[in-house]
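Structure, as C-alpha cells:
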Amino acid sequence: MLGTVKNELRVYWANLCILNRMEKEKMEADARIWKDSHSLSPQFIYLGDTEEVKMYEKMDEDMAKGELGFDLLVSSRFDLFCSRKYLQSHTDKLFPLSECFSIREEVRNSGAVDSAGLFHPLVILPHYIVANTKLLSESEIPRSLEDLLDPYWAGKIFLGATELPSAKSVLFGMWFKFGKEGLETCIKNWRQKSAPSAARHGLVKDELPIALLPGIFAGPGPGDKLLAIHPLEGAPVLPSYTAIRNSEKAEAVVNFLANSAASLKFIEFYRDQALAFPSDPSVTPPEPLASGGKMFFPDWDWILEQDMEYFSEACERVPFG
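Residue numbers (our numbering): 4 to 324.
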C-alpha cells in the first residue's frame, strides 16, 4: 500500500511556479517546528516543473497502483482535482475538508470551492486582460472575454505556456463560459509563450497587443504602457488546492496544513509575493489591479461532466508565438 508509513507524513508538492524556491524554504522551516511537538515526520516530494519527476508523472504512478501515495497534496495543477483520471476516481479515499478551514465569501462565490468539500483552496489567482496601450487606443481595448473570441484578435493574444496552470486555468474558464466552440477558437487564435513572464515580455516588446495574465504579471512596470482590464464576465481564477488522504493520520495532517501552507503567515506570503487572493477571511486581500471585482472558476457540477482528457489535448494545440 502507498502512503502508509506509520510515522511519515508524505507531502506531494507542486504549487505556484514563480515562488518555488521560497515555498520550499518556508514549508521545510514550518515542518521542522511542527515535528518537534508531533509524532509524524513530514517528508516532502517536490514535483514541480523544474523537478526530475513531475506531478502528473507521480500521480500516474499512483493511479496505476490504484492508490494515493500522499498524505497531503498541495498543488495549483487544478486538473488533477477535476479529472476522473486522477482524484475524481478516488474521492472515497479523501478526507473531507469543508469543515476544517474558513473560506471568505468572495472565494465561495467564485465557484472555486468544490461541491463535495474534499479540496481546500488556499488562494486563488485572478487573471486579467492586459493591453499594450502603445498599440491600442482606448476604444480598441477589449473589455470582455467574449470580445477575445472575435476573429479580429486572431494571432494577437498571448498566454503563458499552456502546460502550466496559469494559462490552462484561463482556457478552462473560456471552455466553461463559451463551450467547446469557444475553447477551439482560443486554441486556434491565441498564441502561447514559455511562461506568463515571457508573455508579458512579448507584450512589453510590442510583439502583440493583448495578453491574459495573472495579477503578478498584469500590472504596469516602469516605462511600459500596459493596462490591466478586469473582464466583464469576471476574472478567471487559478485555485491552489489541497487534499488529504483519509487515514488514521488525517486529523494530524489537517493540523500540519493549518500550521504550514494554510497558516496566516503563509497565506500572507502568497498574497504579497503573487498577488494571490486568500481564502482565509482573516487575511486582507491584495489591492485590485483593475475595477470589476467578480472572479470565477467553472461550476463543479459542470466540471464533473466534462472530458478532461479532451481539455488537456486541446491545450497542447495552442500555437507558440
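Heads up, the beta-carbon is just placed ideally off N, CA and C, and yes, glycines get one too.
Are the CB atoms of Pro242 and Ile144 nearer to each other than 7 Å? no
The beta strand (DSSP E) spanning Asn135 covers which residue range? Start and end: 123-135.
For Val116 and Phe81, I'd like the C-alpha separation in whole angstroms. 12 Å
Nearer than 6 Å: is that true of the beta carbon of Ala34 relative to any heavy atom of the ligand GDP? Looking at this structure, you won't find the ligand GDP or any other ligand, since it has none at all.
Taking the CB atoms as reference points, tell me whether Leu19 and Val133 lie closer together than 7 Å. no
May I have the straight-line CA-CA distance separating Ser140 from Val240, to the nearest angstrom? 27 Å
Segment contact, 8 Å Cβ cut-off, at least three pairs: the segment 20-32 with the segment 56-65: The segment 20-32 makes no contact with the segment 56-65; the number of CB pairs closer than 8 Å stays below 3.
Which word fits Met4, buried or exposed, when buried means at least 16 other C-beta atoms lie within 10 angstroms of its C-beta? Caution applies to Met4, whose pLDDT of 45 falls short of 50 and renders its modelled position unreliable; the model cannot decide the point.
Around the C-beta of Asp302, are 16 or more other C-beta atoms found within 10 angstroms, so that it is buried, or is it exposed? It counts as exposed.
Who are Gln46's beta bridge partners in DSSP? Arg13
Meets three-Cβ-pair contact criterion under 8 Å: the segment 67-81 and the segment 167-177: A contact exists between the segment 67-81 and the segment 167-177.
Quick check on the DSSP output: the beta strand (DSSP E) that includes Tyr244 runs from which residue to which? Unbroken beta strand (DSSP E) run through Tyr244: 238-247.
Is Arg203 closer than 7 Å to Leu216 when the C-beta atoms are compared? yes
Whole beta strand (DSSP E) runs in the segment 137-183 with 3 or more residues, listed along the chain? 160-162
Where Gly6 falls: helix, strand or coil (DSSP): Low confidence applies here, because Gly6 scores a pLDDT of 45, under 50, leaving its location unreliable; read the following figure in that light. DSSP places Gly6 in coil when its eight states are reduced to three.
Who pairs with Arg194 in a beta bridge, going by DSSP? Phe161
May I have the straight-line CA-CA distance separating Leu121 from Ala67, to the nearest angstrom? The alpha-carbon atoms of Leu121 and Ala67 are separated by roughly 22 Å.
Residue span of the alpha helix (DSSP H) that contains Val77, given as start and end: From DSSP, Val77 is part of no alpha helix (DSSP H) but of the beta strand (DSSP E) over 75-78.
Beta-carbon within less than 6 Å of Ser86's beta-carbon, same chain only, minus the 5 sequence neighbours each way: which residues are those? Hits under 6 Å: Met311.
Taking the CB atoms as reference points, tell me whether Leu211 and Phe161 lie closer together than 7 Å. yes
Check whether the segment 290-310 and the segment 172-188 touch, using three or more Cβ-Cβ pairs below 8 Å as the test. yes
Just the C-alpha distance for Met30 and Ala264, rounded to the nearest angstrom, thanks. 7 Å
From the DSSP secondary-structure annotation, give me the bridge partner or partners of Phe323. Gln195
For the pair the segment 254-263 and the segment 36-52, tell me if three or more CB-CB distances fall below 8 Å. yes
Please state the DSSP three-state secondary structure of Asp283. coil
Using the Cα positions of Ala231 and Cys189, report the straight-line distance between them to the nearest angstrom. Distance between the alpha carbons of Ala231 and Cys189: 20 Å.
Can you give me the Cβ contacts of Ser118 inside the same chain, cut-off strictly under 7 Å, excluding the 5 residues immediately before and after it? Trp303, Asp304
First and last residue of the uninterrupted alpha helix (DSSP H) at Ile219: 218-221
Determine whether the beta carbon atoms of Asn135 and Leu90 lie at a separation below 7 Å. no
Which word fits Ile36, buried or exposed, when buried means at least 16 other C-beta atoms lie within 10 angstroms of its C-beta? exposed
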